[in-house]
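Colleague:
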Amino acid sequence: MAKLYVVGVGPGDAKRMTAEARAALDAADVLCGYRTYLELVAPLYPDKAVFSTPMKRELDRCRRALELARDGKTVALLCSGDAGVYGMASPVLELLPAYPDVETEIVAGVTAALSGAAVLGAPLGNDFCVISLSDLLTPWAVIEKRLRCAAEGDFAVALYNPSSRTRAEHLRRACDILLETCDGTTMCGVVRGVGRRGQEARLLTLAALRDTRVDMLTTVFVGSSQTREIGGRLVTPRGYRT
Ligand code: SAH
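Residues 43 to 284 (this note's numbering) make up the sequence shown, in order.
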């Protein structure tokens, strides 16, 4: 039976992959994905066929993976982090009705909000939300509204896609919106390249974050009003009296 696994491989190296994700890759005849992610896992499978497409060709990659599965291959479509968080799981399931013979399984992975939070400490220890600053598929006005609602709700926020060459100003604009509601002393953190060589992390205030440049391999954390620095770590208390 033709089968497609849509696999979240975690943030970086093999040790951060779940055993379930590893088993799906073991079972696959073909590994599909964006080149960078394939490079992270392909050395584990030197003999497997690989199929990669450039970053912007996501739908092509999903269709190709579905076609390979329809032709009888067991295929693993790789995503970084979790496959369902700004990943390929939803487009694959949207396309799936056109491929009735393909069995599909979504395999969860450790998303950047969680792996990055662990590097910083425990910034997501209470209610939190995740917002992508990419306006490629979501209008910027919608992103602004979500940022305002997050600030209004006093959520800790993990910001994905905080910047790129074509939208270097997005983080600054996001901070300006949060600063309409949040104090400039709100504790924040940035984590770059979790699980990759040269992983970096630091803590800073929201006012300082506004003037910080980050790249696409970075996840940004904005604390709630309760988030504090404790011994160099970023902590959002659960609320226990300690
Ligand atoms: N499916 C992925 C997210 C893809 S969106 C996941 O669940 O993690 C791409 C964004 O994810 C990046 O811009 C960055 O904000 C974040 N990201 C992905 N890998 C990361 C890593 N190793 N370290 C820090 N942030 C990462």
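The C-beta atom is built at its ideal place from N, Cα and C for all residues, glycine as well.
From R188, R255 and N203, pick the residue whose C-alpha is nearest to that of S176; which is it?
Modeller: Working through the sequence shown from its first residue, we reach residue 176 at position 134. It is N203 whose Cα lies nearest to the Cα of S176.
Colleague: Candidates T254, M59, V233 and G281: which alpha carbon is nearest F263's?
Modeller: Within the sequence shown, the letter at position 221 stands for residue 263. Checking every option, the nearest Cα to that of F263 belongs to V233.
Colleague: Give the straight-line distance between the Cα atoms of D124 and A160, rounded to the nearest whole angstrom.
Modeller: Start at 1 with the first residue of the sequence shown, and residue 124 comes out as number 82. Start at 1 with the first residue of the sequence shown, and residue 160 comes out as number 118. If you take the alpha carbons of D124 and A160, they lie about 16 Å apart.
Colleague: Thinking C-alpha only, which one of G54, A216 and L246 is nearest A183?
Modeller: Indexing the sequence shown from 1 puts residue 183 at position 141. Comparing Cα-Cα distances from A183 to each of G54, A216 and L246, the minimum goes to A216.
Colleague: Considering Cα atoms alone, identify which of G52, A118, A249 and I173 is closest to L157.
Modeller: The sequence position of residue 157 within the sequence shown is 115, counting from 1. In the sequence as displayed, the identity of residue 157 is Ser instead of Leu. Nearest option by C-alpha distance: G52.
Colleague: Of the choices G273, L73 and T78, whose alpha-carbon is the least far from that of P88?
Modeller: For the purposes of this step, residue 88 is identified with residue 46 of the sequence shown, where counting begins at 1. Ranking the options by Cα distance to P88, first place goes to L73.
Colleague: Answer yes if the region 135-155 comes into contact with the region 221-229, meaning at least three C-beta pairs across the two stretches below 8 Å, and no otherwise.
Modeller: No contact exists between the region 221-229 and the region 135-155.
Colleague: Can you tell me where the alpha helix (DSSP H) with L187 in it begins and where it stops?
Modeller: The sequence position of residue 187 within the sequence shown is 145, counting from 1. For the sequence presented, residue 187 should be read as Lys rather than Leu. Taken as a continuous stretch (DSSP letters only), the alpha helix (DSSP H) holding K187 covers W182 to E194.
Colleague: Which same chain residues, not among the five before or five after L138, have their C-beta less than 8 Å away from its C-beta?
Modeller: Walking along the sequence shown from the start, residue 138 turns up at place 96. Result list for L138: L108, V144 and T146, in chain order.
Colleague: Tell me whether M258 counts as near ligand 1, meaning its Cβ is closer than 7 Å to at least one heavy atom of that ligand.
Modeller: Residue numbering aside, residue 258 sits at position 216 when the sequence shown is read from its first letter. M258 Cβ: within cutoff of ligand 1.
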